[in-house]
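Colleague: Could you have a look at this structure, given as structure tokens, before my questions?
2 protein chains.
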Amino acid sequence: MNTPEGPPPERLRTLPSRLTNGAALIANRIVDQALAQAGARRYHYALLATVEEYGPASQAALGRRTGIDRSDVVAAVNDLAAQGLLERAPDPDDRRRNIITITPAGRKRLADLDRLLAAAQDAYLAPLSPADRRTLTDLLTRLVEHHA
Amino acid sequence: MNTPEGPPPERLRTLPSRLTNGAALIANRIVDQALAQAGARRYHYALLATVEEYGPASQAALGRRTGIDRSDVVAAVNDLAAQGLLERAPDPDDRRRNIITITPAGRKRLADLDRLLAAAQDAYLAPLSPADRRTLTDLLTRLVEHHA
DNA sequence: AGCCAATGTTGGCCTAACCAACGATAGCGC
DNA sequence: GCGCTATCGTTGGTTAGGCCAACATTGGCT
Chain P
2 MNTPEGPPPE RLRTLPSRLT NGAALIANRI VDQALAQAGA RRYHYALLAT
52 VEEYGPASQA ALGRRTGIDR SDVVAAVNDL AAQGLLERAP DPDDRRRNII
102 TITPAGRKRL ADLDRLLAAA QDAYLAPLSP ADRRTLTDLL TRLVEHHA
Chain C
2 MNTPEGPPPE RLRTLPSRLT NGAALIANRI VDQALAQAGA RRYHYALLAT
52 VEEYGPASQA ALGRRTGIDR SDVVAAVNDL AAQGLLERAP DPDDRRRNII
102 TITPAGRKRL ADLDRLLAAA QDAYLAPLSP ADRRTLTDLL TRLVEHHA
């Protein structure tokens, strides 16, 4: 039993920013592990989901919608295109742009990821009742939207 | 700032892990900015606060209490000792250990950081009522303790 | 035509979080 | 006392996420 020899100090334990960060660490670890089962990372899921929901779009538009930096979109689209999950085609109407489309394989992969991710959310939120989960989601949503 | 041409997809917007991560990003940005006003980072605050609350301790013990990796404790203690805020002295009773002590200057700095940090928490939680803040803190605490 | 904005892309930066390995030391069982 | 194991500080990584700057190409506006 080599458990820590005591709790973290009060000042740290109750600090909302620190609690948020700790929860994010946990959530990210669980989610990353889940996605890794399908060889994916968070950016991959975000892009697949966005293209699937809104249809083909340029990389810049995807970045704007997901909050992912343009340069990081490039790398993630590279990965996904290399796996045949997305397709990158030049836009004939605007030769600056690439049109990103999801392939049938991409939809299948997305369904897998949705399933894995749902399980991950459940593991993350395990100690909370459905009502608690809704409350948490609501509070966090208000926070992020306020600072948007 | 960016000019999003629409909201992120439903699947991403309501994903608790993603909301948590987004909130953590915001919180960390605000906190980092606040601490930077005193030339400090998060690890610095955590160590100062821990030594102040529990008294002198070895670096390994500090790491266990704060959740900071031993190797990262080394670097942070280096920083703080160089500024005269902590003192690193060999433990005469166990020559493997260093005893870390907070100096008067360290206490002063800690008080400054406490003040800056309180303002940061308030900015972070701005959209939430006192009751909401308590609820959020409670929910997050339950999450992190469950996964501890 | 001329200027400004947007796009894809490359390349880089910084930090947090983590891990492996090392020599030195301590502690324990025997 | 001896040997094994654990612990400590430290060095030196790695990974990924979130950024920013710059560039050439292209388009839109006037």
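Protein sequences, first through last, are from chains P and C. Under this note's numbering, the first residue of the first sequence carries the number 2, and numbering increases by one thereafter. Under this note's numbering, the first residue of the second sequence carries the number 2, and numbering increases by one thereafter. Even glycine gets a Cβ: it sits at the ideal position worked out from N, Cα and C. As the structure is a computational prediction, the values presented were derived from the model and not from experiment.
1. Between ALA83/P and GLU54/P, what straight-line distance do the alpha-carbon atoms span, to the nearest angstrom?
2. Pick from THR21/C, ALA24/C, LEU63/C and TYR125/C: whose alpha carbon is nearest that of ALA35/C?
3. When you compare each of LEU140/C, LEU16/C and LEU118/C to GLN38/C by their alpha carbons, which one comes out closest?
4. Kindly list, in the order they appear in chain C, the residues whose Cβ is closer than 7 Å to that of HIS45/P.
5. Just list the alpha helix (DSSP H) runs in the segment 38-111 of chain C, keeping only unbroken ones of 4 residues or longer that don't cross its boundaries, in chain order.
6. Applying a beta-carbon distance threshold of less than 9 Å, which residues of chain C neighbour ALA112/P?
7. Could you tell me whether the segment 54-74 of chain C touches the segment 120-140 of chain C, using the rule of 3 or more Cβ pairs below 8 Å?
8. Starting from THR15/P, trace the alpha helix (DSSP H) both ways and give me its first and last residue.
9. Is the beta carbon of THR1/P less than 7 Å from the beta carbon of ALA47/P?
10. Using the three-state DSSP reduction, which class does PRO128/C fall into: helix, strand or coil?
11. Please report how far the alpha carbon of GLU146/C lies from the alpha carbon of ILE100/C, in whole angstroms.
12. For a contact meaning CB atoms closer than 8 Å, what does GLU54/C contact in chain P?
13. Tell me the DSSP secondary structure of HIS147/C in three-state form.
14. At the 7 Å Cβ level, is LEU87/C part of the contact set with chain P, yes or no?
15. For the segment 103-129 of chain C, enumerate the residues whose C-beta is nearer than 8 Å to any C-beta of chain P, in chain order.
16. Closest to ARG96/P by C-alpha separation, out of GLY23/P, GLN60/P, VAL74/P and ASN79/P, would be which residue?
17. Please go through the same chain and pick out, in chain order, the residues whose beta-carbon is closer than 6 Å to the beta-carbon of THR4/P, but skip the five residues on each side of it.
18. Name the chain P residues whose beta carbon is nearer than 7 Å to that of GLY40/C?
19. Would you say LEU36/P faces chain C, with C-beta separation under 7 Å as the test?
20. Below 7 Å CB to CB, which residues in the same chain sit around ALA41/P once its five sequence neighbours on both sides are set aside?
21. Looking at C-alpha atoms only, which residue of LYS109/P, PRO17/P and ARG12/P is the closest neighbour of ASP123/C?
Modeller: Let's see:
1. Distance between ALA83/P and GLU54/P, taken at the CA atoms: about 21 Å.
2. The candidate whose alpha carbon is nearest that of ALA35/C is TYR125/C.
3. Selected option, being the one with the closest Cα: LEU118/C.
4. Those do not exist, as HIS45/P stays about 12 Å from chain C at its closest Cβ, beyond 7 Å.
5. 43-55, 60-67 and 71-83
6. In chain order: nothing, as chain C lies at least about 12 Å away.
7. At 8 Å Cβ cutoff, the stretches do not touch.
8. It is not in any alpha helix (DSSP H) - THR15/P carries neither H nor E in the DSSP assignment.
9. As shown, chain P starts at 2 and ends at 149. That puts residue 1/P outside it, with no answer to give.
10. DSSP places PRO128/C in coil when its eight states are reduced to three.
11. 29 Å
12. Chain P residues near GLU54/C: PRO10, GLU11 and ARG12.
13. DSSP places HIS147/C within a helical segment (H, G or I) once states are collapsed to three.
14. no
15. ASP115, LEU118, ALA121, GLN122, TYR125, LEU126, ALA127, PRO128 and LEU129
16. GLN60/P
17. With a pLDDT of only 38 at THR4/P, under 50, the local geometry of the prediction cannot be trusted, and the value read off the model is given with reservation. There are no such residues.
18. Chain P residues near GLY40/C: none, gap ~19 Å exceeds 7 Å.
19. Closer than 7 Å: no.
20. LEU114
21. Nearest to ASP123/C by C-alpha distance, out of LYS109/P, PRO17/P and ARG12/P, is PRO17/P.
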